[in-house]
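Okay, so here's the structure we're looking at.
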Amino acid sequence: MYTKDDVLTFVEEENVKFIRLAFCDTDGVQKNIAIMPAELPRVFDEGFPFDPFNIKGFTGYQETNLFLHPDPSTLSILPWRPSNGRVVRMFCNITYPDGTPYEADGRTILQNAMKFASEHGISCTFGNNSEFYLFQLDEEGNPTKKPFDTAGYLDIAPEDKGENVRREICFTLNDMGIIPESSHHEAGPSQHEVDFKYSDPLTAAENTLTFQSVVRTIAARNGLTADFSPKPLKDQSGSGMHINIAVQSLDGKDQLDSFMAGVLAHIEEMTAFLNPTEQSYRRLGEKKAPIYISWSPENRFQLIQIPATSPTRRHMKLRSPDSMCNPYIAYALLIYAGMDGILQNMDPGQPVNRDLTEDDVTQTGSIRKLPDTLKDAQSLAQNSAFIRGILSDEYFLTF
1 MYTKDDVLTF VEEENVKFIR LAFCDTDGVQ KNIAIMPAEL PRVFDEGFPF
51 DPFNIKGFTG YQETNLFLHP DPSTLSILPW RPSNGRVVRM FCNITYPDGT
101 PYEADGRTIL QNAMKFASEH GISCTFGNNS EFYLFQLDEE GNPTKKPFDT
151 AGYLDIAPED KGENVRREIC FTLNDMGIIP ESSHHEAGPS QHEVDFKYSD
201 PLTAAENTLT FQSVVRTIAA RNGLTADFSP KPLKDQSGSG MHINIAVQSL
251 DGKDQLDSFM AGVLAHIEEM TAFLNPTEQS YRRLGEKKAP IYISWSPENR
301 FQLIQIPATS PTRRHMKLRS PDSMCNPYIA YALLIYAGMD GILQNMDPGQ
351 PVNRDLTEDD VTQTGSIRKL PDTLKDAQSL AQNSAFIRGI LSDEYFLTF
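Numbering (the working numbering), first residue to last: 1 to 399.
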């Protein structure tokens with residue numbers, strides 16, 4: 001957890017030549033501006049101006065510049081860059097020229113959600129299970145949809161040709177201060193998963209962004225391309241980003257059920273942000289990906305599972321999101337939904353301990369479903385008082 005002075009000292013003593021100021025557009029795509037070390041003291045004090053006009057989601061702002069303000073606690077070395085003349089990165093908040101927070105900045109939106117929960121005596125920790133495919137390149141170096149191997153779930157080398165790539169990914173993350181909990185080959189050909197330990201929501205969101213950047217970089221170094229899209233191969237398993245959430249209360253009361261009830265109550269309205277592409281809806285309902293709005297402590301294929309664990313580690317796993325989401329916005333919406341469940345003392349209802357993907361419509365009865373298409377999901381979000389109360393009109397200009 002670096003301070004401003006720590007960063008300035010580190011940059012001077014460790015031969016840092018470039019500082020990347022990182023932020024995201026409204027889709028969660030990472031952007032950055034690189035500055036030289038001599039500029040850093042001024043940037044800490046005043047921020048760094050940039051033209052937002054060509055950044056998706058920021059075009060509604062018609063003035064000249066917005067400003068980036070680096071968070072020194074997020075300092076990280078980019079270990080794939082040269083050690084002589086190092087490159088470091090910090091995530092930034094975005095403000096107007098007068099210092100007022102920019103309404104469409106996902107980082108600020110998530111920080112506000114965390115503050116809201118804290119004011120009510122609640123804190124959350126998040127951890128992801130992120131899936132992706134590794135595909136080969138063609139003779140000209142362009143991405144293909146040809147898997148790097150044909151291995152299956154939990155297979156090992158030599159069938160699992162991506163074992164060394166995953167190893168390099170995990171070592172690189174470790175060098176950046178992000179410690180994966182586990183990694184393995186997934187069900188699809190050359191599909192992989194890396195799981196992360198719990199951390200506060202802001203750290204978890206930025207670890208997700210860093211992870212995706214690392215995976216793409218290491219894949220490219222190995223002559224491959226990494227694909228995080230939710231359904232890259234029609235007849236194979238889709239890639240999700242399962243979100244694990246633990247809830248702590250200052251009064252010691254177990255609030256997880258009420259938090260989960262709030263997520264279940266608002267999930268349709270949030271789906272456009274958790275599953276933001278057309279391809280997302282080709283994954284949902286296929287190959288064990290959820291489509292019905294249900295929960296279970298036993299059946300791991302429901303929308304929300306409460307995994308078997310010790311009482312002190314009790315948590316929920318939301319299985320519908322995919323990696324195309326903006327993690328800042330996804331986590332913020334989940335916190336606000338869960339807090340609504342706690343404040344309204346909601347009940348999640350009875351668990352569904354059967355595999356709904358094998359049931360017909362008559363068996364599912366009145367169980368609600370996630371939206372069928374992106375258009376339906378967007379319509380639900382646009383007309384949601386809950387969503388409109390969290391995201392500004394500025395944000396919806398692009399959405």
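All C-beta atoms in this analysis are idealised placements derived from N, C-alpha and C, irrespective of residue type, glycine included. Note that the coordinates shown come from a computational prediction; the quantities given were computed from them, not determined experimentally.
- prompt: Out of curiosity, what's the CA-to-CA distance linking residue 429 and residue 33?
  reply: The question about residue 429 has no answer, for the chain in this structure spans 1 to 399.
query: Taking DSSP as the reference, what is the three-state secondary structure of residue 114?
result: When DSSP states are grouped into helix, strand and coil, residue 114 belongs to the helix group.
message: Using the three-state DSSP reduction, which class does residue 58 fall into: helix, strand or coil?
response: Of the three classes helix, strand and coil, the one that applies to residue 58 here is coil, per DSSP.
message: Just checking residue 37 against the ligand PLP - is the residue's beta carbon closer than 8 Å to any of the ligand's heavy atoms?
response: The model depicted lacks the ligand PLP and carries no ligand whatsoever.
- prompt: In chain order, what residues of the same chain lie with their CB nearer than 6 Å to the CB of residue 161, ignoring the 5 residues before and after it?
  reply: 148, 149.
query: When the Cα atoms are used, what is the spatial distance from residue 183 to residue 355?
result: Here the C-alpha atom of residue 183 lies approximately 26 Å from the C-alpha atom of residue 355.
field: Neighbour-count burial assignment, residue 302, 16 or more Cβ in a 10 Å radius
entry: When all chains shown are included, residue 302 counts as buried.
message: Alpha carbons only, please: which of 125, 133, 325, 31 is nearest the one belonging to residue 94?
response: When 125, 133, 325, 31 are compared, the shortest CA-CA separation from residue 94 is found for 31.
task: Output the residue ranges of the alpha helix (DSSP H) runs that lie fully inside the region 240-276 and measure 4 residues or longer, sorted by chain position.
output: As far as the region 240-276 is concerned, its whole alpha helix (DSSP H) runs of at least 4 residues are 256-274.
- prompt: In chain order, what residues of the same chain lie with their CB nearer than 6 Å to the CB of residue 387, ignoring the 5 residues before and after it?
  reply: Closer than 6 Å at the Cβ level, and outside the excluded window around residue 387, lie 269, 381.
- request: Just confirm the distance between the C-beta atoms of residue 136 and residue 189, as a whole number of angstroms; I'd bet it's less than 8 Å.
  value: That belief does not hold up - the Cβ atoms of residue 136 and residue 189 are roughly 11 Å apart, past 8 Å.
- prompt: Mind checking whether residue 86 and residue 17 have CB atoms under 9 Å apart?
  reply: A contact, by the Cβ cut-off of 9 Å.
message: Is the separation between the beta-carbon of residue 413 and that of residue 75 shorter than 9 Å?
response: Outside the shown range of the chain (1 to 399) lies residue 413, about which nothing can therefore be said.
Residue of 105, 1, 178, 44 minimising C-alpha distance to residue 214: With distances taken between Cα atoms, residue 214 lies closest to 178.
- request: Give the DSSP bridge partners of residue 400, in chain order.
  value: Residue 400 is absent from the model: the chain starts at 1 and stops at 399.
Backbone CA spacing between residue 264 and residue 309 [nearest angstrom]: When rounded, the distance between both Cα atoms is 22 Å.
field: Where residue 329 falls: helix, strand or coil (DSSP)
entry: Residue 329 sits in a helix when the DSSP states are folded into three classes.
- request: Let me know if residue 1 comes out buried or exposed under the rule of 16 or more other beta-carbons within 10 Å of its beta-carbon.
  value: Looking at its Cβ environment, which holds fewer than 16 other Cβ atoms inside 10 Å, residue 1 is exposed.
field: Presumed contact (8 Å Cβ cut-off) between residue 241 and residue 277, rounded CB distance
entry: About 13 Å separates the CB atoms of residue 241 and residue 277; that is not less than 8 Å, and the two are not in contact.
Euclidean distance between Cα positions of residue 361 and residue 65: For residue 361, the predicted model reports a pLDDT of 48, less than 50, meaning its position is unreliable and no value from the coordinates is stated.
- request: Give the single residue among 257, 384, 115, 132 whose Cα lies nearest to the Cα of residue 200.
  value: Measuring from the Cα of residue 200, the nearest candidate turns out to be 115.
query: Hey, how far is the Cα of residue 163 from the Cα of residue 41?
result: Straight-line Cα distance between these residues: approximately 42 Å.
- prompt: Does the beta-carbon of residue 58 have 16 or more other beta-carbons within 10 angstroms, so that it is buried, or is it exposed?
  reply: Taking all protein chains in view, the Cβ of residue 58 is crowded by 16 or more other Cβ atoms within 10 Å, so the residue is classified as buried.
- request: Determine the contact status of residue 292 and residue 342, defining contact as a CB-CB distance below 9 Å.
  value: No.
query: Contact check, residue 315 vs residue 220 under 8 Å by CB: the rounded distance?
result: In this structure residue 315 is not in contact with residue 220, their Cβ atoms being roughly 34 Å apart against a cut-off of 8 Å.
message: Residues in the same chain with beta-carbon distance under 7 Å from residue 216, minus the five sequence neighbours each way, listed in chain order, please.
response: If we look at residue 216 and ignore the five residues flanking it on each side, its Cβ neighbours are 226.
query: Between which two residues does the beta strand (DSSP E) containing residue 144 stretch?
result: Counted as a single uninterrupted DSSP element, the beta strand (DSSP E) harbouring residue 144 occupies residues 143-147.
message: At the level of alpha carbons, what is the spacing between residue 379 and residue 272?
response: Distance between the alpha carbons of residue 379 and residue 272: 9 Å.
- request: Output the residue ranges of the beta strand (DSSP E) runs that lie fully inside the region 285-325 and measure 3 residues or longer, sorted by chain position.
  value: The region 285-325 is shown to contain whole beta strand (DSSP E) runs of 3 or more residues at 316-318, in chain order.
- request: Buried or exposed for residue 172, please, with buried defined as at least 16 other CB atoms from any protein chain shown within 10 angstroms of its CB.
  value: Counting Cβ neighbours within 10 Å, residue 172 comes out buried, since at least 16 surround it.
query: Helix, strand or coil: how does DSSP classify residue 93 here?
result: If DSSP states are grouped into helix, strand and coil, residue 93 belongs with the strands.
- prompt: Between which two residues does the beta strand (DSSP E) containing residue 282 stretch?
  reply: Unbroken run through residue 282 is the alpha helix (DSSP H), 280-283; no beta strand (DSSP E).
task: Measure the Cβ-Cβ separation of residue 88 and residue 20 and say whether it is below 9 Å.
output: Going by C-beta atoms, residue 88 is nearer than 9 Å to residue 20.
- request: For residue 258, collect the residues of the same chain with a Cβ closer than 7 Å to its Cβ; drop the 5 residues on either side in sequence, then sort them by chain order.
  value: Excluding sequence neighbours, residue 258 sits near 341, 342, 345, 346.
Environment of residue 373 [buried if 16+ CB atoms lie within 10 Å]: Residue 373 should be labelled exposed.
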